[in-house]
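There are 2 protein chains.
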Amino acid sequence: MDTYRAPVRDVRFVLEHITPLKALSSLDAFTHAEPDLVAGLLEEAGRFAAEAIAPTNRDGDNEGAVIVDGGVKTPDSFKRVYDQYVEAGWGAVQHPPEYGGGGFPLTVANVVKEFITSANMAFSLGPLLTTGAVYLMQHHCSDEQLQTYVPKLVSGEWAGTMNLTEPQAGSDVGAVTTKAVPADDGTYRITGQKIYITYGDHDLTDNIIHLVLARLPDAPPGTKGISLFIVPKFLVNDDGSPGERNDVEVVSLEHKLGIHASPTAVMAYGENGDGAVGYLVGEANQGMRQMFTMMNDARLGVGLQGVAIAERAYQQALAYAQDRRQGRGPTSEPGEQAPIIEHADVRRMLLTQKASIEAMRALCYANAHALDLGHQSADPVEREQQAKLADLLTPLSKAWATDLGVELTSLAVQVHGGMGFVEETGVAQHYRDARIAPIYEGTNGIQALDLVGRKLPYDGGAFVKGYLGDLRTEAAELGDDLAAIRDALVDGIDVLERCTTWIFEHREQPNDVFAGATPYLRVFATVVGASLLARGAKAAQAAIDSGDTGSFDADFLAAKVSIARFFATQILPSVHGHVASITAGADDLYAVAPASLAP
Amino acid sequence: MDTYRAPVRDVRFVLEHITPLKALSSLDAFTHAEPDLVAGLLEEAGRFAAEAIAPTNRDGDNEGAVIVDGGVKTPDSFKRVYDQYVEAGWGAVQHPPEYGGGGFPLTVANVVKEFITSANMAFSLGPLLTTGAVYLMQHHCSDEQLQTYVPKLVSGEWAGTMNLTEPQAGSDVGAVTTKAVPADDGTYRITGQKIYITYGDHDLTDNIIHLVLARLPDAPPGTKGISLFIVPKFLVNDDGSPGERNDVEVVSLEHKLGIHASPTAVMAYGENGDGAVGYLVGEANQGMRQMFTMMNDARLGVGLQGVAIAERAYQQALAYAQDRRQGRGPTSEPGEQAPIIEHADVRRMLLTQKASIEAMRALCYANAHALDLGHQSADPVEREQQAKLADLLTPLSKAWATDLGVELTSLAVQVHGGMGFVEETGVAQHYRDARIAPIYEGTNGIQALDLVGRKLPYDGGAFVKGYLGDLRTEAAELGDDLAAIRDALVDGIDVLERCTTWIFEHREQPNDVFAGATPYLRVFATVVGASLLARGAKAAQAAIDSGDTGSFDADFLAAKVSIARFFATQILPSVHGHVASITAGADDLYAVAPASLAP
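These protein sequence lines map, in sequence, to chains W and F.
1 is the number of the first residue of the first sequence in my numbering; add one for each residue after it.
1001 is the number of the first residue of the second sequence in my numbering; add one for each residue after it.
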């Protein structure tokens, strides 16, 4: 039952009617990304994800990644599929043509990521990290570094990793203690241990390029004294081939709740001598700033994981609910068992999954769309506005989509009844895999602080107020045929605005604001999600009314209207439940001493 | 870090101030259950759970239950601890003295169950099923059957199981096809397969007494044609010792997401001959009615699992948050890392866990209290009223506490950051273990249907309306010093009443009611939980004001007021978020055809 079919039609709908691809393909950078070509690309990506990658998912979970002879061995099926991935160039879609990339918008590349993540989340993490490394390097490396590493990372022949975390430095990246000492030849010697390094070692590529945060001697304390280094597993020969083995080793792998096939490594640098050879990226002490370059991209990538894993689990729950018969449905004959999808409570679980996934997807795609316009718009004012919008949406995408990833995979388990708890069914794996996404790449608590502490203050608050005004304007433009959606949406925007005003009124008491940051983020994201679905519903209704349904059939478009209405009228009102905790302030959180919190 | 300490002080507070033990110990049946003796019993149970059982939890998860030589082998540490459990008589606490039981109220016995479940949920399931078997047998078995089986089940020397489910008969128990054919000697021959049989086989006891639902020849279809049989693993000799092996065998064990050490068996009856020997319980075709006898008890027992597993995970999250240092707290010096419990977002996660657990516990204990009074009150009118109250509260306890069990263990994982995803930390196990409770013993969707379909209609709706009136009266009695709690509670009751009225107004469209049953159950339970915490807060405040704090210290009592206020003012308002989906009706759930729900 645990098959996967890429939701190409749903994605095409988003790219046509919610976050229009046309707005991107009209830009100089993306002239080749015209909708028909992209549609073909996505069909192909969907087929590859479903047919080649998806079948490796259960094997990967059962076999896991293991250390053999001092190196990491990935599951047997991975190497073959990874080679196909490189061959087809799927890793190159979003990267610049000058390094061999496809030069497609992030909006398009992220669809490919979504499909591959649905197919096998553990597999997808290797390419995701490599993509992040390319992104970072293209912005900060020297020409020589670019030429040495980036084309092979773009093609996927080599892989990249990010080495930030140390035992005492998790959310608090400034506490990093790994050392970098200058050598006479202009390179550096890196010593220290890093933990939670995703795909820190593996057997899929000929070389692995580690990007490592470390401190130079006499660097200032905290985040201002962190520098970024390239540390290749194999030093690169003059002809570009992998040469001498560098002093970087995998020490151990974590035994994790999920994503078993993704090696999460403890990495040791320079344990066998005077340090691993490293190359400084850009200027000294700019490591944090450099990392921030890729933060939106990386966080949005994790948000997409929430979408992807929820979609995979939903497809399985839907198939099960159509197949499994139990009890009488509202219209079934006595003695006849109905498919459980006929029961209202099961429908509610399925619709909640479907509508939430569509809202999450729309948000994440809108976020990518804003990033693309922020980078590539011809108009500098629009670039700036879209970049701010992307900054605002990123914590929403990351935290909301991953929290819902957990909640919706749990609903998918529930639809299965007892079968959901049996590992062979496969849906439990999605529930386990989904649980990491709210944690890594900045915990969801950190995202909420980022939203209220960094993003709301843009332009002294004018930016977010302008955005809320835009949401309101768009809601008002919904016609009377969509009145149920319009009214619910206006109500939701009212709630969001009320909470936002409260936050601005309390900006002098930051801890009162922080106390409600997490529920505030949820309200914000839910309203944005509803608003994007409403935009789609408006377009779908207009297409139906005009009789010109384009490449979609009328039933599908009618379903889009229904699903947007379900979200607006039954899920969006959940925002009312969060107002009290958003506006309560911090006092009651600190009223109980830890001694009275303990048993 | 993953140690457990039984929350004896919290429990004593509930039994003194929320669901008073005194109301039970004043009854003839429970004169020996006076508070001091019970307090000692609970201290002892807490110690046993924490010191003897809790250390077996990780081993149990790692080793799991396995089939060896045709029988189930439990983890190595289990047999030793189980023998201690039998020796101390923990399994006998709630059973009637005439069979060797302690004759304590369920309210007290359930505390012992909570502690043991927190200590090791997988271990606790064996005793839980045995308890259920005793309960059922004491109400329906013949004297001879009682004497043959029950004392050994009460002591725990033998174990009991419940055999309901078959592949086509899950929620739909009426679809059972296992056959029972009368033999010449007045016994029966049972043939068929049962699935999901908890502790269907194991090595902890000398005999296992299976209670099996099966159909007699020519039995009417559906639930009206199901009979209940005793099928011992070993037939019992005249001297009461286990004799000839019966034809019942474990076929396989499920490989599950959690509770690895609890064997979930496929059981085969009568595969090697003309059937396993079975003994009819009571009259033919009364199996469903007989099972219903124990349904409240069993469902409440599962609700308690939600409380227990959330408590265990919470204790671990609290300890971690006090130990782990990251970032600056609101009052920390520059360069100093604060324990993460100082961060508002982490506090919010911890307070949400703590307050929810207290509310869930109060609900489950109030439910047991009503069951005890329903059975043992001297006043027949009170017996009837309390039995109805217990019927009303049972689906709330089962569904709400187990849904929250999943949500709160997820929060406990989140507090741990990356460590939460590493299995050795232990908190991920609680998250996995917790996931079964919303599924078994009637899925939570079934509970919601039970609430709206069976319980609300009691006395034509007068019973539930009277109960809401009682909640309202009690809320109004909160003084101005607790005005924040009172106002929030009245608001919550208003919401619940509005939704209840809507349901009664739509009783002729049952599917519209079913469509909102799950969110309605959540609203109902949240209001009841808040109301019970408010009752405790009132008592705590009165004790503080009087200067006579009894056996509790003033800080602890003040914390009870704070926690009740946090629940009332920050968690209870979540009910506003559910009104729309409760009152939406079913149409939008069925508006989208399955073809448009699929990718």
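Where is the CB? At the ideal position from N, CA and C, for every residue including glycine.
Shown here for F/LEU1257: same chain residues with a beta carbon closer than 7 Å to its own, the five before and five after excluded, namely ARG1432, ARG1435 in chain order. With contacts defined as CB atoms closer than 8 Å, F/ILE1485 and F/ALA1355 fail to qualify as a contacting pair. Partner residues in the beta bridge of F/ARG1215, as assigned by DSSP, are F/LYS1179. For W/THR443, the C-beta contacts it makes with chain F under 8 Å involve GLN1414, GLY1417, in order along the chain.
Under DSSP, F/TRP1158 forms a beta bridge with F/ASN1207.
In the three-state DSSP reduction, W/ILE230 falls in the strand class (E or B).
W/LEU371 is positioned such that its CB atom lies closer than 8 Å to that of W/ASN296.
Non-local C-beta neighbours of F/ASN1120 in its own chain, meaning closer than 7 Å and more than five positions away in sequence, comprise ILE1053, ALA1054, THR1056, ASN1057, GLY1060, ordered along the chain. Segment contact: the stretch 464-477 of chain W against the stretch 317-336 of chain W, fewer than three CB-CB distances shorter than 8 Å; contact not assigned. A residue is called buried once 16 or more other Cβ atoms fall within 10 Å of its Cβ, and W/PHE421 is buried on that count. Between the C-alpha atoms of F/ASN1062 and F/LEU1128 there is a straight-line separation of about 22 Å.
Counting along the chain, F/VAL1108 sits inside the alpha helix (DSSP H) bounded by residues 1106-1119. Residue state for F/TYR1314 is assigned as helix, using DSSP reduced to three classes. W/TYR196 has a beta carbon lying within less than 8 Å of a beta carbon in chain F. The beta carbons of F/ARG1215 and F/ASP1274 sit about 17 Å from each other, so the pair does not count as a contact at 8 Å. DSSP, reduced to helix, strand and coil, places F/ILE1259 outside both helices and strands of the structure shown, so it counts as coil.
Here DSSP, grouped into helix, strand and coil, assigns W/THR473 to helix. Between the stretch 1493-1503 of chain F and the stretch 1522-1533 of chain F, the count of Cβ pairs shorter than 8 Å is three or higher; the stretches touch.
Using a CB distance cut-off of 8 Å, W/HIS139 does not count as an interface residue toward chain F.
Around F/VAL1072, no beta-carbon contact reaches into chain W at under 9 Å, the shortest distance being about 17 Å.
The beta-carbon separation of W/GLN353 and W/LEU408, rounded to 5 Å, stays under the 8 Å limit for a contact. Using a CB distance below 9 Å, the part of the stretch 1199-1223 of chain F facing chain W consists of PRO1221, GLY1222, ordered along the chain. Beta-bridge partners of F/LYS1073 (DSSP): F/VAL1066.
Taking the C-beta atoms as reference points, F/ALA1543 is found nearer than 8 Å to F/GLY1550. According to DSSP, W/GLY461 shares a beta bridge with no other residue.
Taking 9 Å as the cut-off between beta carbons, the residues of the stretch 1496-1519 of chain F near chain W are PRO1510, ASN1511, ASP1512, VAL1513, PHE1514, ALA1515, GLY1516, ALA1517, THR1518, PRO1519, in sequence order. Secondary structure note for W/ILE197: its beta strand (DSSP E) is the uninterrupted segment 188-198.
Around the beta carbon of F/VAL1111, a 10 Å sphere encloses 16 or more other beta carbons of the protein chains shown; the residue is thus reported as buried.
F/ARG1328 and W/THR518 do not touch by the CB rule: their CB atoms are close to 19 Å apart, not below 8 Å. According to the DSSP assignment, W/TYR365 belongs to the alpha helix (DSSP H) that extends over 344-376.
At least one CB atom of chain W sits nearer than 8 Å to the CB of F/HIS1576.
Look at the stretch 1327-1343 of chain F: the residues with a C-beta under 8 Å from a C-beta of chain W are GLY1327, PRO1330, GLY1335, GLN1337, ILE1341, HIS1343.
Along the stretch 419-432 of chain W, going in chain order, the ones with a CB nearer than 8 Å to a CB of chain F are GLY420, PHE421, VAL422, GLU423, GLU424, ALA428, TYR431, ARG432.
Counting of Cβ neighbours within 10 angstroms places F/GLN1386 among the buried residues, the total reaching 16 or more. What W/HIS255 touches in chain F, judged by beta-carbon distance under 8 Å, is VAL1422, GLU1423, GLU1424, going in chain order. Not a single C-beta of chain W is nearer than 8 Å to the C-beta of F/THR1177.
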